Structure formats: C-alpha cells, structure tokens
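For reference, the structure discussed in these notes is given below.
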Amino acid sequence: MRVVVVGTGHVGLVTAATLAALGHDVIGLDRDEEKIGQLKRGMCPFFEPGLQEIIDDGVAVGRLRFETEPDEAVAGVEVLFVCVGTPARSSGEANLVAVERAARDIARHLTGPVVVVEKSTVPAGTSNRLHQALMQERPDLANDLEVISNPEFLREGRAVDDSLHPDRLLVGATSRRGFETMRRLYDPLIRKGHRLIETDIATAELAKHACNAFLALKISYANALARLCERAGADVTAVADVMGSDPRIGRAFLDAGLGYGGYCFPKDLQAFERFANQLGYDFPLLREVARINDEAVRAAVEKVKDSVWNLEDKRIALLGLAFKPGTDDVRFSPALALARHLIDEHATVVGYDPQAGANAKTEVPELEIAPDAYEAIQGAHCLVMCTGWDEFRALDLRQMKDRLAYPIVVDGRNFFDPIEMRKMGFVYHGTGRRLASEAY
Ligand code: UGA
Numbered sequence: 000m001r002v003v004v005v006g007t008g009h010v011g012l013v014t015a016a017t018l019a020a021l022g023h024d025v026i027g028l029d030r031d032e033e034k035i036g037q038l039k040r041g042m043c044p045f046f047e048p049g050l051q052e053i054i055d056d057g058v059a060v061g062r063l064r065f066e067t068e069p070d071e072a073v074a075g076v077e078v079l080f081v082c083v084g085t086p087a088r089s090s091g092e093a094n095l096v097a098v099e100r101a102a103r104d105i106a107r108h109l110t111g112p113v114v115v116v117e118k119s120t121v122p123a124g125t126s127n128r129l130h131q132a133l134m135q136e137r138p139d140l141a142n143d144l145e146v147i148s149n150p151e152f153l154r155e156g157r158a159v160d161d162s163l164h165p166d167r168l169l170v171g172a173t174s175r176r177g178f179e180t181m182r183r184l185y186d187p188l189i190r191k192g193h194r195l196i197e198t199d200i201a202t203a204e205l206a207k208h209a210c211n212a213f214l215a216l217k218i219s220y221a222n223a224l225a226r227l228c229e230r231a232g233a234d235v236t237a238v239a240d241v242m243g244s245d246p247r248i249g250r251a252f253l254d255a256g257l258g259y260g261g262y263c264f265p266k267d268l269q270a271f272e273r274f275a276n277q278l279g280y281d282f283p284l285l286r287e288v289a290r291i292n293d294e295a296v297r298a299a300v301e302k303v304k305d306s307v308w309n310l311e312d313k314r315i316a317l318l319g320l321a322f323k324p325g326t327d328d329v330r331f332s333p334a335l336a337l338a339r340h341l342i343d344e345h346a347t348v349v350g351y352d353p354q355a356g357a358n359a360k361t362e363v364p365e366l367e368i369a370p371d372a373y374e375a376i377q378g379a380h381c382l383v384m385c386t387g388w389d390e391f392r393a394l395d396l397r398q399m400k401d402r403l404a405y406p407i408v409v410d411g412r413n414f415f416d417p418i419e420m421r422k423m424g425f426v427y428h429g430t431g432r433r434l435a436s437e438a439y
C-alpha cells in the first residue's frame, strides 16, 4: 500500500521503517530539513536499536524514502499517518498545534480517497477535530476521507521489536472501510497471530492514555512502597516479587528507583489529568502518581546528602543519564533531574552514559561528562546508579571501590546486590531496601 508518515520523531520514523519492512511503499515526511537531510544521507537521527538497519533495508529496496514537501509525496496516498509531536502546554494540557498544522498542510495536496491515521498520543476527541480541519480545507473530499485512531504502544529502546511483534494493534474507526484498510496494512502481522482490536475512536484514544497512566501508577506505587519499606526495615524488591507472583497484579513495572521519565509518561499523565478535568471529572490519583515520582528523585538527593554531609566541595558520579537503558533520550530523565538538584546545591556532578552523554550535556551544561564509567567514578565522594545499562553489569567492583574517594553507593535502580556490595566494603544505600547501617 502507498503510505505517508508525517513526522519523523521516535514514533513516526519507527512506523515508517517498520511499515516499509512489512512490504509497503512508504514516504517519511517532515518539515525539519536538517532531519530529512540526515535521513537522506542514510543516518538515523537518534539511537534506537535495530532502526538504522531497517531504514537501510527499506531505502535499499526502494520502499522507503524521505521528503520535506508534501505536494508530490501525498499524491495518490492510501494511508496517511499523523505522528507529529504533542508536547505539553504549561498547563499540562496536550499542545495539538502541530497536529492541526500537519493536517491542514497536507489536506491541500490530497488527490483522492485516503485514510488519515492519528498515531500521536492525543486526548480523546482529537480525531474529530482532525476530521473537522481536513474537511474545512477539502470539503470536496467529504466522501473520500476518513480519520481513524491507531495509538502506538512501542517502547523506546525496543521500538523496532515492539512494532514488528506488537502485543496488540488498536484501531478506532467509524466504518468498515477504515477497519479493512488497517487490516490490509497490518496483514503480515495479523497473519502471524498478532491481535487487532477494533473499537470506536474515543475508546482507542482514551485507552492509550489509560495504559500509560496505569503503568506510571504501578511505578509510583512501587516507589511509595519503597519509602515505606525503608522505614519499616523491609525490602521493596522482595515485596514486588511477592505481589508479582499474583497474576492479577503482575511483576512488570513494579521496580522502585528514581522513578519514570521519558517523553511519554510525564507528559501523558498530565495531559490525561487535564483532559479529565476539562470533562468535569477530578482525577487526583493521577496528580498523586506524579507527586510520588518527583519524590523519588528527592529521596535519592537526601540519601546522597545524608552520606556525604554538605554538597559543596563534593564530587558526585552518576552512572546512566538516559531516562532508561537502551536509548540516548534524556527528555524528563530522572538522572538529569537528580543532577540539577545536586548542582543547585553546589556539588560537582560528573556523569557517564553509553549513549546519552552528548544529549545530557546539552540539557545540563554544568554536568561533566566522563568518557567511561571508571573515569566518572574516579575521585567521586559518592556514586549514584541512575540508569541500569547492561554494560554496567561488567563493572569491576574492586576497581570501582578503589577509584571512589569514599566508597558510597546510592543505588537509584536497585541494580547491585546489596549483600555483595556490603561484603566488598561499600556503604550501600538501595531504594526501599534496609538502610546501610543495618545488618542485611
Ligand atoms: C512508554 C510505554 O511503556 C509504551 O507502551 C508507550 O508506547 C510509550 O510510553 C509511549 O507512549 O510512546 P517508554 O516511554 O519508551 O514507553 O518507556 P518505558 O519502558 O515504559 O519506561 C518509562 C520509564 O519508567 C523509564 O524511565 C523507566 O526507567 C521507568 N520504569 C519502568 C521504572 O522506574 N520502573 C519500572 O518498573 C519500569
């Protein structure tokens, strides 16, 4: 099928490349000339495992190309994905200006029957607005144009795999034609047994926010338990294991630590809360989830201060700066929130991340970036594990201890084994685990 994907950010680029991999003829469209220039030169603008390879494959077989101008790209398109950004306004509400602009911009160039697919995460009701805007631009296409919702559930760092092996495909539409178009588009996945859920548009839009908010809620629940476990002398990891052994609860997303970050959870949670509010439903549970998440970073700051006393003249090493392992994305990264708090209190903060160093430096210029983990640790008075990349598993604990000025480790991801750390002579502070002073 002939597909155009508008917006080549994380969701858009992965969507374009994977649809090409499924055999469609895809154009990635973006007004950002620099980004499209990079893609035309064969370079993926961000780090996402496996993405560069499928972009290369798609381009090589002529199924994937990139353009800045919609005129030629959009002519004759059957399915048009809207994957532009929906950042937060200062009120927390989703800013849908880019969605409207993209719709109006493209509408002028449409030539015939087309299904417009809303894939950006948007509040329920946005597809109606999108339809309205398209109709205002192109009343002549009233019978040929359909807007549907097809929210994305991919995770950064696993985006390609999630897109090619989705646990569900969700389609909200108003007509059989809409559903059939999406079934044709995803046919290679449906044939492999991946489930496509058909529903109405408002349900699809709301379900996406409901999923992200619920996952964030699980993390905050674990972090609230962590605070309690620290006071009660219990171990939050073991509590999570017990909870997770009940299939009604599930173990996933119950890892306590520095909390959630990234471009989805913090923004979507706020947008969902604002959306509920606008509909006259107060949803304080969502505000509480966000509050507990902020508290997780502050708790780590307190542990650092408690261990080294004043932060002036202290060097604090942060391992991992991305919002989670497997990505170079630092947007709303808890590690950077922690860095800012420590810098505000006059600590010297040095960080290392396998992928996100450059992005972190752009966000927090006062942060020193080390070329590797050992260099980051060298001479530090305290080490904070912020993002549990696999490569940190290979760290030599003895060398780590020798390099630290004081052998203090604040483990913001419960990454290390507390017993081993204490045996090695570290003063180890996990998250929601017994305090360092207590026998383990
Ligand atoms: C999230 C959802 O998981 C995807 O399903 C969704 O499609 C995506 O948002 C989106 O809306 O685009 P993502 O932001 O890539 O995906 O990251 P997650 O893997 O969900 O992790 C989010 C944050 O939660 C990370 O900072 C991670 O470190 C943290 N986390 C996760 C915890 O603190 N504890 C956990 O137990 C799990």
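So that you can map any letter, position 21 of the sequence shown is 20 in numbering that gives the first Met the number 0, and since no number is skipped, the others follow by simple counting.
For every residue, glycine included, the Cβ atom is placed at its ideal position computed from N, Cα and C.
No experiment lies behind these values; they were computed from the predicted model shown.
Check: In three-state terms, what does DSSP make of Val349?; Outcome: strand
Check: So, Pro465 versus Leu169, is the Cβ gap smaller than 7 angstroms?; Outcome: It is not possible to answer for residue 465, since the shown part of the chain is limited to 0 through 439.
Check: Do Arg290 and the ligand UGA come close, with the Cβ less than 6 angstroms from some heavy atom?; Outcome: no
Check: Which partner residues does Thr198 have in the DSSP bridge list?; Outcome: Gly171
Check: Is any heavy atom in the ligand UGA found nearer than 6 angstroms to the beta carbon of Thr263?; Outcome: Thr is not the amino acid found at residue 263; the sequence shown has Cys there. Yes, Cβ of Cys263 sits closer than 6 angstroms to a heavy atom of the ligand UGA.
Check: Around the Cβ of Thr17, are there at least 16 other Cβ atoms within 10 angstroms (buried) or fewer (exposed)?; Outcome: buried
Check: Would you say the stretch 253 to 265 touches the stretch 284 to 296, given that touching needs at least three Cβ pairs under 8 angstroms?; Outcome: yes
Check: If I measure Cβ to Cβ from Ala223 and keep anything under 6 angstroms in the same chain, skipping five residues before and after, which residues do I get?; Outcome: Ile291
Check: Need the endpoints of the beta strand (DSSP E) that Ile407 sits in, please.; Outcome: 407 to 410
Check: For Glu68, which of Leu28, Met181, His208, Gln354 has the nearest alpha-carbon?; Outcome: Leu28
Check: Out of Glu362, Gly429, Pro370, Lys422, state which residue places its alpha-carbon closest to the alpha-carbon of Pro382.; Outcome: In the sequence on display, residue 382 carries Leu and not Pro. Leu382 has its Cα closest to that of Gly429, out of Glu362, Gly429, Pro370, Lys422.
Check: With distance defined between alpha-carbon atoms, name the residue in Pro417, Leu12, Phe415 nearest to Glu155.; Outcome: Leu12
Check: Take the Cβ of Phe213 as the centre, count every other Cβ of all protein chains shown within 10 Å, and call the residue buried at 16 or more, exposed below.; Outcome: exposed
Check: What residue range does the alpha helix (DSSP H) around Leu163 cover?; Outcome: 158 to 163
Check: Beta carbon of Phe274: closer than 6 angstroms to some heavy atom of the ligand SAH?; Outcome: With respect to small molecules bound, the structure shown includes the ligand UGA and not the ligand SAH.
Check: Please report the distance separating the alpha-carbon of Ser90 from that of Arg128.; Outcome: 20 angstroms
Check: Would His328 and Ala334 qualify as a contact pair, given that the criterion is a beta-carbon distance under 7 angstroms?; Outcome: One detail in the question is off: residue 328 reads as Asp in this sequence, not His. No; because the gap between Cβ atoms is not below 7 angstroms, this pair is not in contact.
Check: Is Asp254 near the ligand UGA, judged by its Cβ being under 6 angstroms from some heavy atom?; Outcome: yes
Check: Are there 16 or more other CB atoms within 10 angstroms of the CB of Trp308, so buried, or fewer, so exposed?; Outcome: exposed
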